[in-house]
Amino acid sequence: MRVLGMNCAPRVAYLAVIEDGFLDPNAPERLLAPAGLETGEGLLECIREVKRVLGQARAEHVALLMSEATAAPSSARTELETLIRVAAAEEGTRVDLVARPTVRSRLGLPRSGSLDTHIQSGAGPESGHYWRKGRALAVMAAKAVVP
């Protein structure tokens, strides 16, 4: 199964595709939200962009990493996550919202420290672009939902 892990920040989603336990080095690495999300056309453009990325990733399942429980997500992050969920629903792609404690539990990671401090043991060696900006966390989210 191909799983697209996503870790959102305001106006950008970091992406990683896992298939058979391995990171696909040819899959898209990030999605930039288009400008003008406050307009109807901007929202529709974002949904089209998410659908394009879903098609390019050929993912059967999306694992959307939730924000840290100690920090309230920004409205821009929440908006992007919602648009991702709408686009995936329209494409018939399953989306799981993955809590960070779930990632820790399923990957056998310690409870102490932020999830970022466990990247090496949870995501593996650095690969591709945007790794330290958030893509490694997308890898961990995808690995956490792989059956």
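Position in the sequence shown counted from 1, then plus 151, gives you this note's numbering. Think of the CB as a built atom: it goes at the ideal place given N, C-alpha and C, for glycine as much as any other residue.
Between residue i and residue j, which are expected to be in contact by the criterion C-beta below 8 Å, what is the C-beta distance as a whole number of angstroms?
i    : j    : result
L266 : V213 : Their Cβ separation, rounded to whole angstroms, is 18 Å, which puts L266 and V213 out of contact at 8 Å.
E196 : P185 : 5 Å
A210 : R257 : Between R257 and A210 the Cβ distance is about 18 Å, and since that is not below 8 Å, they are no contact.
Between the Cα of residue i and those of the options, spot the shortest distance and give me the residue it belongs to.
i    : options                : result
P176 : E211, Y281, P298, S272 : Y281
A223 : K294, R236, A160       : A160
S278 : L166, R162, M152, R153 : L166
G273 : R228, F173, M152, V163 : F173
M291 : P261, R262, P298, R255 : R255
P179 : E189, G187, V168       : V168
G259 : E242, A240, K294, G243 : K294
The beta strand (DSSP E) that contains residue i, what's its start and end?
i    : result
M157 : 153-160
A184 : Run containing A184: none; DSSP gives neither H nor E here.
V249 : 245-249
Would you call residue i buried or exposed, if buried means 16 or more other Cβ atoms sit within 10 Å of its Cβ?
i    : result
G285 : buried
G264 : exposed
M157 : buried
E192 : exposed
T268 : exposed
A289 : buried
E232 : buried
Only counting the same chain, and skipping five residues up and downstream in sequence, which positions put a Cβ closer than 7 Å to that of residue i?
i    : result
A250 : M217
I270 : A287
S225 : P161
V237 : I198
L188 : L194, C197, E230
For the alpha helix (DSSP H) containing residue i, list its first residue and its last residue.
i    : result
V237 : 226-242
A164 : Run containing A164: none in the alpha helix (DSSP H); it sits in the beta strand (DSSP E), 163-170.
A210 : Element bounds for A210: n/a, residue is neither H nor E.
K294 : 287-296
G273 : 270-274
Give every residue of the same chain whose Cβ lies closer than 6 Å to the Cβ of residue i, excluding the five residues on either side of it in the sequence, and list them in chain order.
i    : result
A227 : P161, R162
T229 : none
Identify, in the order they occur along the chain, each residue of the same chain with its Cβ nearer than 8 Å to the Cβ of residue i, setting aside the five sequence neighbours on each side.
i    : result
R181 : V163, A164, Y165, L166, H280, Y281, R286
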